[in-house]
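Worksheet: the structure to be examined is printed underneath.
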Amino acid sequence: MDDKEKRLTPVRRDRVIIRTSIVGIAANFLLSTFKAVIGVLTNSIAITLDAVNNLSDALSSIITIVGTKLAGKKPDKKHPLGHGRVEYLGAMIVSGIVLYAGITSIIESIKKIINPEKADYSVLSLVIISVAVVVKILLGTYVKKKGEEVNSNSLIASGVDAMLDSIVSASVLASAIIFLLTGISLEAYVGLVIGVIIIKSGVEIMKDTIDEILGKRPDPELAKRVKSLIAEEPDVRGAYDLIINNYGPDRNYATVHIEVPDTMTANELDILTRKLEYKVYMEMGISLAAVGVYAYNTNNDEAAHIREKVCSKILSHEWALQVHGFYIDMERKEMRFDVVFSFKIPPKEGLEIVQADMKELYPDYDFVIVPDVDLSE
């Protein structure tokens, strides 16, 4: 199945997210209710905190639904690129709820360590906890799979969190069995571990969401696929400087430079760029907002020789990653090209070194060198 077949329409995607979230709400609410009752009856802090954790998961699913509905609003004059990033704000709220649940768990567990209370387990309580472990594993697998299908960070995080919860519930069950067999109560300590696990999960959700809001490096496979699609065209020798801006799940806008023969006319370029915009959108669902052009010398062996020499000199520096967009005007004695610098050196410093190298190699030439940042694979 290719990328085009995998993509869902925004309406279908929202329906999947909402339906999956409702399943999560129902399952977590029932688990929370059963655990809360058992926790109170058995005087078990670990079971009670696990119930609170399930309740926070249900609340997270509700926020996911609200965020999805708001993110699905149509673009307007004030927000011409839509409201897709609202989903990320929803994920931030979810992470805050998870962190609060974790901190609460730690505080209550410490209180129980200082002032311990004896737990009183029943066969029914152990059965319910065992069922909860199985339910959480199935729920987590289901939600995570649906999240991956529709590219929803919130659902993926909820799925991972549910599978993590199964481990938490299993640890509660283990502490109960140990108590029944040995009389040693690990309740409060298990609650403490649960709190740490919950906080870790909240921090990871928040970190992933902040990365999306700040703007992170595009997925390497996605970037390579886009460049490959563009470079398939006979007149395109290479695709460079790809920038993919994300305005919410499956809402990507990109800019790119292409290298084409210096013999192409403006009309031919217009036809080519429009073809590329259509092709990339239909195949990848990415809108090419702008396509820049680099010309390369055709039928000029000397230019090819100079290009090879220039590239060899520049790429001898470990911080110089790529040279592209090379063109030389023999009559005007001018060279122009871009250099991609790694993050090991400030672009201005790297540019000064490259300019000095070029003046040493070709003192009679003028240079137009543009520093590029390592934005994508």
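FYI, the numbering for the sequence shown is 22 to 398, going by our numbering.
We put the beta carbon where it would ideally sit given N, CA and C, even for glycine.
Note that the coordinates shown come from a computational prediction; the quantities given were computed from them, not determined experimentally.
- Mind reading off the beta-carbon distance from GLY212 to SER126? Whole number of angstroms is fine, and I expect it under 8 angstroms. A Cβ-Cβ separation of about 6 angstroms places GLY212 in contact with SER126 under the 8 angstroms criterion.
- Identify every residue that forms a DSSP beta bridge with GLU355. ASP350 and ASP387.
- Message: Let me make sure I understand the geometry here. Which of GLY60, VAL314, VAL73 and MET356 has the alpha-carbon closest to that of GLU323?
- Response: The shortest C-alpha separation from GLU323 is found at MET356.
- Does the beta-carbon of TYR299 have 16 or more other beta-carbons within 10 angstroms, so that it is buried, or is it exposed? The residue is exposed, with fewer than 16 neighbouring Cβ atoms inside 10 Å.
- Measure the C-alpha to C-alpha separation of LEU160 and MET184 and round it to an integer number of angstroms. The straight-line gap from Cα to Cα measures roughly 8 angstroms.
- Message: Let's test the definition: count the other Cβ atoms within 10 Å of the Cβ of ASP71 and tell me whether it reaches 16, buried, or not, exposed.
- Response: Counting the other Cβ atoms within 10 Å of the Cβ of ASP71 gives 16 or more, which makes it buried.
- Counting Cβ pairs closer than 8 angstroms, one from the segment 107–118 and one from the segment 54–64, do we hit at least three? Using a Cβ-Cβ distance cut-off of 8 angstroms, the segment 107–118 and the segment 54–64 are not in contact, since fewer than three pairs of beta carbons, one from each stretch, lie closer than that value.
- Query: By DSSP, does ILE279 sit in helix, in strand, or in coil?
  - Reply: For ILE279, the secondary structure class from DSSP, reduced to helix, strand or coil, is strand.
- How far does the alpha helix (DSSP H) with ILE231 in it reach, from first residue to last? Where ILE231 is concerned, the enclosing alpha helix (DSSP H) stretches over 208–235.
- DSSP three-state call for PRO367: helix, strand or coil? Correct three-state label for PRO367: coil.
- CB-CB under 6 angstroms to ASP23, same chain, minus the five flanking residues each way: which ones, in chain order? Its pLDDT being 47, under 50, ASP23 is placed unreliably by the model, and the measurement read from it follows with that caveat. Answer for ASP23: no residue qualifies.
- Message: Quick check on the DSSP output: the alpha helix (DSSP H) that includes GLY15 runs from which residue to which?
- Response: With the chain running from 22 to 398 in the structure shown, residue 15 is simply not present.
- How long is the line joining the alpha carbons of LEU209 and GLY117, rounded to whole angstroms? Reading the sequence as shown, one finds Ala at residue 209 and not Leu. Approximately 24 angstroms, taken between the alpha carbons.
- Three or more C-beta pairs closer than 8 angstroms, one from the segment 219–235 and one from the segment 83–99: is that the case here? Because the criterion of three Cβ pairs below 8 angstroms is not met, the segment 219–235 and the segment 83–99 do not touch.
- Does the beta-carbon of THR63 have 16 or more other beta-carbons within 10 angstroms, so that it is buried, or is it exposed? Around the beta carbon of THR63, 16 or more other beta carbons sit within 10 angstroms, so the residue counts as buried.
- With DSSP run on the structure shown, which of helix, strand or coil describes TYR317? In the structure shown, the three-state DSSP call for TYR317 is strand.
- Item | Endpoints, the beta strand (DSSP E) within which ILE335 is located | For ILE335, there is no enclosing beta strand (DSSP E); the enclosing alpha helix (DSSP H) covers residues 322–335.
- Task: Please name the residue in LEU382, LEU243, LYS167 and GLY123 whose C-alpha comes closest to that of ASN273.
- Result: When LEU382, LEU243, LYS167 and GLY123 are compared, the shortest CA-CA separation from ASN273 is found for LEU243.
- Item | First through last residue of the beta strand (DSSP E) which encompasses ASN266 | That run of the beta strand (DSSP E) goes 259–267.
- Query: With DSSP run on the structure shown, which of helix, strand or coil describes SER77?
  - Reply: Reduced to three states, the DSSP call for SER77 is helix.
- Task: Spell out a yes or no on whether the segment 332–352 and the segment 309–317 are touching, meaning 3 or more CB-CB pairs, one atom from each, closer than 8 angstroms.
- Result: Touching, yes.
- Item | Whole-Å CB distance - GLU280 paired with TYR261, under 8 angstroms assumed | The beta-carbon distance between GLU280 and TYR261, rounded to whole angstroms, is 7 angstroms. This is short enough to meet the 8 angstroms contact definition.
- Task: Ignore the nearest five residues each way along the sequence and tell me which others in GLU26's own chain have a CB closer than 8 angstroms to its CB.
- Result: Note that GLU26 has pLDDT 43, beneath the 50 cutoff, so the model's placement of it is unreliable and the number below is only indicative. Within the same chain, and ignoring the five residues on either side of GLU26 in sequence, no residue has its Cβ closer than 8 angstroms to its Cβ.
- LEU342 to GLY93, Cα distance in whole Å? Roughly 40 angstroms between the two C-alpha positions.
- Item | Straight-line Cα distance separating HIS100 from ASP229 | Approximately 24 angstroms between the Cα atoms of the pair.
- Task: Using alpha carbons as the reference points, say which of LYS330, GLY236 and LEU250 lies closest to ILE265.
- Result: Residue GLY236 is the option with its Cα nearest to ILE265.
- Query: Going by the beta-carbon positions, is the gap between ILE251 and VAL301 smaller than 8 angstroms?
  - Reply: Yes, these two residues count as a Cβ contact at 8 angstroms.
- Among the residues of its own chain, which have a CB less than 6 angstroms from the CB of ASP78, if the five just before and after it don't count? Excluding sequence neighbours, ASP78 sits near ASN49.
- Message: For a quick check, are the C-beta atoms of TYR268 and LEU102 less than 8 angstroms apart?
- Response: Yes, the Cβ-Cβ distance between TYR268 and LEU102 is below 8 angstroms.
- Is PHE362 near PRO392, with beta carbons less than 8 angstroms apart? Yes. Within cutoff.
- Query: Should SER399 and SER249 be called a contact, given that it needs their Cβ atoms to be closer than 8 angstroms?
  - Reply: Here the chain has residues from 22 to 398 only, and residue 399 is not among them.
- So what does DSSP say about ILE307, is it helix, strand or coil? Three-state DSSP puts ILE307 in a strand.
- Would HIS326 be called buried (16 or more neighbouring beta carbons within 10 Å of its own) or exposed? HIS326 counts as exposed, since fewer than 16 other C-beta atoms from the protein chains shown sit within 10 angstroms of its C-beta.
- Item | Cβ-Cβ distance between ILE134 and ILE114 below 8 angstroms | The criterion of a C-beta distance shorter than 8 angstroms is not satisfied by ILE134 and ILE114.
- Determine the DSSP secondary structure at ASN64, reduced to helix, strand or coil. In this structure, ASN64 counts as coil in the three-state DSSP scheme.
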